[in-house]
Amino acid sequence: MLEYINIKNVALIQESEVVFGKGLNILTGETGAGKSLIIDALGFSLGGRANREIVRHGEEQAVVEAVFSIEDKKIEKILDDMGIEHGEDKALIIRRTLHMNGKSVCKVNGTTVTVGQLKELSSCLVDFHGQHEHQSLLNANKHIELLDKFCGTELDAEKAKLAEFLKKYKTTMKEMKAIAGNESERERRTEILSYQISELEAADIKPGEEENLTERKRILQNGERMREMAGKCINILYNGVNGLPASDMVTEAADTLSQLSEIDISVKLIYEIVNSAAIQINEAERELKRYFDGLEAGEDEIEKIEERLSIIYAFKKKYICTSDSLADKLESLRNEYDMLMHSRERLELLENERKELFKNMVDVCKVMTDIRKRKAEAIEKEIETNLHELEMEKAKFKIRIDQKNQLGVDGWDDVEFMFTANEGEDIMPLAKIGSGGELSRVMLALKVVFGNADSIGTFVFDEIDTGISGRTAQKVAEKMYKVAKTKQILCITHLPQIAAMADNHYMIEKVSQKGRTKTNIKLLKKNETVKDIARLMAGTEVTEMSVNAAREMKELANKFKNENR
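FYI, this note's numbering numbers position 193 of the sequence shown as 325, with every residue one higher than the one before it.
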């Protein structure tokens with residue numbers, strides 16, 4: 133429910149704050165006073181179009197803050213998904229600022245959000261009904277969306293199944309199309325694949341081979357210097373001092389220490405260290421000799437390595453991948469080759485899959501149609517009941533459901549709302565309604581029925597009373613009051629019958645102050661309400677007679693409300 137709105141520097145509104153109540157909130161005022169500004173400001177705060185022309189002349193920015201109380205778990209989930217905190221007080225504060233440079237900033241409970249996120253959230257808070265929504269309801273393409281909303285989770289489950297089948301069906305068709313392409317092109321591709329597979333198999337390039345060869349080449353290119361250094365080390369180890377090898381010298385020292393340790397046990401540790409060194413030096417001599425001998429290879433090996441690396445580089449360039457990925461590339465080519473060679477068998481398999489998927493989709497579509505038809509009957513009865521209560525006793529409302537030739541995410545049903553106001557006349561598409569009064573009542577009936585199917589707490593009506601008056605206006609007022617028992621309603625009206633039914637009556641007036649024009653919003657007291665109803669009844673000149681008539685109309689409205697609480 134909308135609890136409060138603060139509007140600052142929006143068009144003619146310098147600053148106004150309004151506390152809204154439960155039930156039926158009526159907004160009245162002279163033509164041009166700016167009644168629709170309130171609704172426009174609310175729409176802006178909830179993600180509506182941000183046109184910088186709405187910023188009051190001479191100001192840098194327009195700001196609208198709307199406060200809602202929320203009870204809907206769906207809204208809480210949306211807030212959680214967006215990472216927006218919400219406390220136990222169930223308050224939801226939406227603030228939107230529009231700067232003169234066109235930049236818009238949206239915040240929900242202090243957290244900055246995108247306009248898209250704001251629209252997602254606001255779609256669960258407020259249901260607007262104005263001229264734009266009139267056109268939307270007349271658009272037959274929107275009718276299936278409204279019907280499906282009424283069908284609820286039962287239909288949603290079938291839609292989810294259909295979406296999964298459709299996804300698989302499209303994937304299957306895509307593969308079939310790829311396989312069943314031009315026969316000559318498939319043969320050409322097979323020949324290319326055969327050649328590529330053969331050359332990659334012949335090359336037999338192993339993962340890590342390029343790295344190993346590159347390292348071996350580097351070593352060989354430094355062979356002379358490496359042999360020189362290795363030879364120097366061998367000379368030191370083998371010739372030692374005065375021709376005595378290092379290992380012999382250390383071994384002799386170890387033998388002497390062994391004898392000494394028999395006399396003095398404390399030397400034993402030193403002996404073990406030196407003896408270990410002798411063993412390691414012997415091992416080092418052997419390994420160094422083996423390494424030195426391995427450096428014997430010369431230019432022949434380098435040439436062979438370069439030839440092999442040249443082959444590897446060529447394949448890398450040709451297949452646009454690393455040498456380590458060539459094995460994966462070969463496997464991929466083999467798989468494609470096998471698929472093409474067995475395309476006929478694969479096509480038969482895919483065709484069977486396609487038929488099975490299509491059968492599954494048809495079965496789901498039949499279930500969806502049954503659900504829609506069953507729900508449509510209930511909707512038709514509810515809407516006709518509402519129309520009869522709105523002084524259209526002979527009105528008929530039908531939901532036409534036909535099967536389309538094409539199957540999509542919504543199934544194969546073509547849905548259109550049909551209507552006739554008079555007995556004996558052909559039922560026609562909703563878009564054919566010519567009377568403004570008839571259209572207003574049909575729209576109200578639709579809003580009542582479809583609005584009850586969701587958890588949106590606030591309805592906003594602008595121009596709902598177009599083309600009606602007298603007894604019909606009274607019936608519309610009574611219907612709006614009944615709706616307002618479970619939904620909060622904000623309604624702009626010029627009809628006294630609707631104004632008299634208000635739970636909260638707001639007057640919007642345009643005033644001049646210090647050479648500037650501005651719009652003010654005021655919650656009327658009881659006597660002020662009667663006076664404004666009299667203005668709506670009489671026009672510009674309010675007389676004692678019109679005031680008395682207005683008072684009587686208000687009393688009758690209160691009586692009706694008391695009888696229908």
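Using N, Cα and C, we set each Cβ at its ideal position, and we do this for glycine too.
Beta-carbon spacing of residue i, residue j below 8 Å
| i | j | result |
| --- | --- | --- |
| Ala609 | Ile630 | yes |
| Val581 | Ile515 | yes |
| Cys444 | Glu341 | With the sequence shown as reference, residue 444 is identified as Ile, and Cys is not the correct amino acid for it. The answer is yes: Cβ separation under 8 Å. |
| Ala681 | Val674 | no |
| Thr501 | Asp545 | yes |
| Arg181 | Asn141 | no |
| Phe424 | Arg318 | no |
| Ile533 | Glu286 | no |
| Leu622 | Leu668 | no |
| Val237 | Thr229 | yes |
| Lys526 | Glu512 | no |
| Ile337 | Ser455 | yes |
| Ala563 | Ala272 | yes |
| Thr322 | Leu420 | no |
| Ile588 | Leu257 | yes |
Terminal residues of the beta strand (DSSP E) in which residue i lies
| i | result |
| --- | --- |
| His231 | Ala223 to His231 |
| Asn696 | Unbroken run through Asn696: none, as it is neither H nor E. |
| Cys453 | Where Cys453 is concerned, there is no enclosing beta strand (DSSP E), given that its DSSP letter is neither H nor E. |
| Asp259 | Val258 to His261 |
| Val240 | Ser236 to Val240 |
| Val187 | Here Val187 belongs to no beta strand (DSSP E), and DSSP marks it neither H nor E. |
Nearest residue (CA-CA) to residue i, options the options
| i | options | result |
| --- | --- | --- |
| Gly175 | Gly313, Leu627 and Phe591 | Phe591 |
| Cys365 | Glu331, Arg418 and Arg348 | Arg418 |
| Lys274 | Phe692, Glu548 and Lys663 | Glu548 |
| Gly568 | Leu257, Gly599 and Gln535 | Gly599 |
| Val199 | Lys281, Arg227 and Ile368 | Arg227 |
| Phe152 | Gln645, Ala689, Met639 and Thr649 | Met639 |
| Gly164 | Ile210, Leu144 and Leu345 | Leu144 |
| Asn584 | Arg478, Leu389, Gly248 and Gly284 | Gly284 |
| Ser379 | Gln353, Glu394 and Val406 | Val406 |
| Ser601 | Arg573, Ala577, Lys617 and Gly589 | Arg573 |
| Gln710 | Asn138, Tyr136 and Gln146 | What the structure shows of the chain is the stretch from 133 to 697, and residue 710 is not part of that stretch, so it cannot be assessed. |
| Glu687 | Val662, Ala173, Thr604 and Ile621 | Val662 |
| Lys167 | Gln353, Leu325, Asn690 and Lys642 | Lys642 |
| Met521 | Asn484, Asp213 and Leu576 | The identity of residue 521 in the sequence shown is Glu, whereas the question assumes Met. It is Leu576. |
| Val245 | His261, His231 and Ile216 | Ile216 |
| Asn479 | Lys611, Arg422, Lys306 and Ala295 | Contrary to the premise, residue 479 reads as Leu rather than Asn in this sequence. Looking at the Cα atoms, Lys306 is the closest of the given residues. |
| Phe551 | Glu135, Ala410 and Leu519 | Leu519 |
| Lys491 | Leu298, Tyr327 and Ser330 | Leu298 |
| Ala605 | Asn696, His474, Phe282 and Met524 | Met524 |
| Lys619 | Glu570, Ile202, Ile137 and Ser390 | Ile202 |
| Gln412 | Arg648, Gly647 and Leu369 | Leu369 |
| Glu695 | Gly647, Glu660, Gly671 and Lys617 | Lys617 |
First and last residue of the uninterrupted alpha helix (DSSP H) at residue i
| i | result |
| --- | --- |
| Gly543 | Taken as a continuous stretch (DSSP letters only), Gly543 belongs to no alpha helix (DSSP H), being part of the beta strand (DSSP E) at Gly543 to Thr552. |
| Asn121 | The structure shown has nothing for residue 121, since the chain only spans 133 to 697. |
| Glu483 | Ser475 to Glu521 |
| Thr661 | Lys658 to Ala670 |
| Asn414 | Lys400 to Gly426 |
| Ala194 | Looking at the DSSP string, Ala194 is not in any alpha helix (DSSP H); the run it does join, the beta strand (DSSP E), is Gln193 to Ser201. |
| Asn271 | Looking at the DSSP string, Asn271 is not in any alpha helix (DSSP H), and its letter there is neither H nor E. |
| Glu360 | Gly355 to Asn371 |
| Ile207 | Lys205 to Asp213 |
Residue burial classification, residue i (beta-carbon count within 10 angstroms, cutoff 16)
| i | result |
| --- | --- |
| Ser408 | exposed |
| Met560 | exposed |
| Met685 | buried |
| Gln538 | exposed |
| Gly363 | exposed |
| Lys579 | buried |
| Ala292 | exposed |
| Leu401 | exposed |
| Asp594 | buried |
| Ser254 | buried |
| Glu394 | exposed |
| Leu446 | First, the amino acid is wrong: residue 446 is Ala here, not Leu. Exposed, because fewer than 16 other Cβ atoms sit within 10 Å of the Cβ of Ala446. |
| Glu192 | exposed |
| Leu482 | buried |
| Ile324 | exposed |
| Met493 | buried |
| Asp172 | buried |
Chain C within 8 Å of residue i, Cβ atoms only
| i | result |
| --- | --- |
| Gln146 | The chain inventory of the structure shown lacks chain C, comprising one protein chain alone. |
heavy atom of the ligand ADP below 7 Å from residue i C-beta
| i | result |
| --- | --- |
| Leu522 | Absent from the structure shown: the ligand ADP. Ligands present: none. |
>> With three or more beta-carbon pairs closer than 8 Å as the criterion, would you say the region 627–644 touches the region 149–168?
In response: Yes, the region 627–644 is in contact with the region 149–168.
> Are the region 677–695 and the region 163–181 touching, with three or more C-beta to C-beta distances below 8 Å?
Replying inline: Counting Cβ pairs under 8 Å, fewer than three are found: no touch.
> Is it true that the region 447–467 meets the region 374–389, where meeting means three or more beta-carbon pairs spaced less than 8 Å apart?
Replying inline: These segments do not touch.
>> Quick test of the definition: if touching needs 3 or more C-beta pairs under 8 Å, does the region 433–442 touch the region 345–352?
In response: Judged by Cβ distances under 8 Å, the region 433–442 makes contact with the region 345–352, as three or more pairs qualify.
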